[in-house]
Each structure stands twice: as C-alpha cells, then as structure tokens.
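Numbering (our numbering), first residue to last: 1 to 146.
In structure tokens, the structure reads:
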C-alpha cells in the first residue's frame, strides 16, 4: 500500500500492487495504476489515465485529464472533471461535475448539475438529479437504447 501526502507533485508514473491513498492537492504527471483501491483527497490532478483493480474515490474539485478505469465502484467528488469513466461496479458522479462518457456494469448516479457530454452505458439502474445535462446516447448494456 502507498500513501501520497498533501501537496505532493509526482512527475512520473505510479504503479503499485496494493491500495493508494492520496492526500489533498496532489498532482500526478505519469501513469497511475493501482492493484487495489484508490482514494484521493480534494483538488487532485491526474494528467493521464487512472487504473485500479479495486474501487476508486476521487475528492471534490479534482481533474482526471484522461480516463478512469476501475474493476470496482467509482465515486467522483463534486465540481470535478474526467474523460471516460469505465467501471465494473457502480458509478457515482458528484454535484456539478463534467464527464465525457460513463461505461458501467453496475448502476449510475448523477448528482445535481452534472454534465455528461458523450453518453452513458450501464447495466443496473440510473438515478438522475436536478439540472443534469445529458448528451449522446443513453444505453443499457443488456437491453439496447432508451
């Protein structure tokens, strides 16, 4: 397991076989790959893709400049941005987030004010808060388009 302290700037890749817990205001410049769960505090900046064999939780006011890929659940904190989120579990997107696309083998929850620009594919249920903007196709993985 690895811990990244508050305010750390890591210009290289991070690859671990275990969990990664990060403090607030961390910046990762290279690949970010965890063999377990990932928990990042608020104001994190990940400049490439984030991959985890477990669950991923990203704090509010964060930016993931590429994709988030998880074998578990993904939770993106309020006022955060990401490209595609691909999860084998459930996906929860916090208030006022901007995400390109969601691919989930579980259920999807979109909190108030979220913007999805390229669609959603999901297997379970979908819960949508107020003021959510959805663009692109919304499709269940088993039953076709809605």
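Where a beta carbon is used, it is the ideal one built from N, C-alpha and C, also for glycine.
For residue i, does the three-state DSSP call read helix, strand or coil?
i           : result
residue 135 : coil
residue 56  : strand
residue 66  : coil
residue 28  : strand
residue 141 : coil
residue 17  : coil
residue 2   : strand
residue 151 : This structure gives no information on residue 151, because the portion of the chain shown stretches from 1 to 146.
residue 9   : strand
residue 78  : coil
residue 34  : strand
Tell me whether residue i is buried or exposed, calling it buried when 16 or more other Cβ atoms sit within 10 Å of its Cβ.
i          : result
residue 7  : exposed
residue 64 : buried
residue 22 : buried
residue 41 : buried
residue 9  : exposed
residue 70 : buried
Can the beta-carbon of residue i be found closer than 8 angstroms to that of residue j?
i           : j           : result
residue 55  : residue 34  : no
residue 60  : residue 77  : yes
residue 134 : residue 121 : no
residue 112 : residue 97  : no
residue 90  : residue 124 : yes
residue 14  : residue 32  : yes
residue 126 : residue 100 : no
residue 73  : residue 86  : no
residue 92  : residue 109 : yes
residue 62  : residue 45  : yes
Let's see if you can read the secondary structure: which residues bound the beta strand (DSSP E) around residue i?
i           : result
residue 22  : 20 to 22
residue 81  : 81 to 87
residue 118 : First-last for residue 118: undefined, no H or E at that position.
residue 101 : 98 to 104
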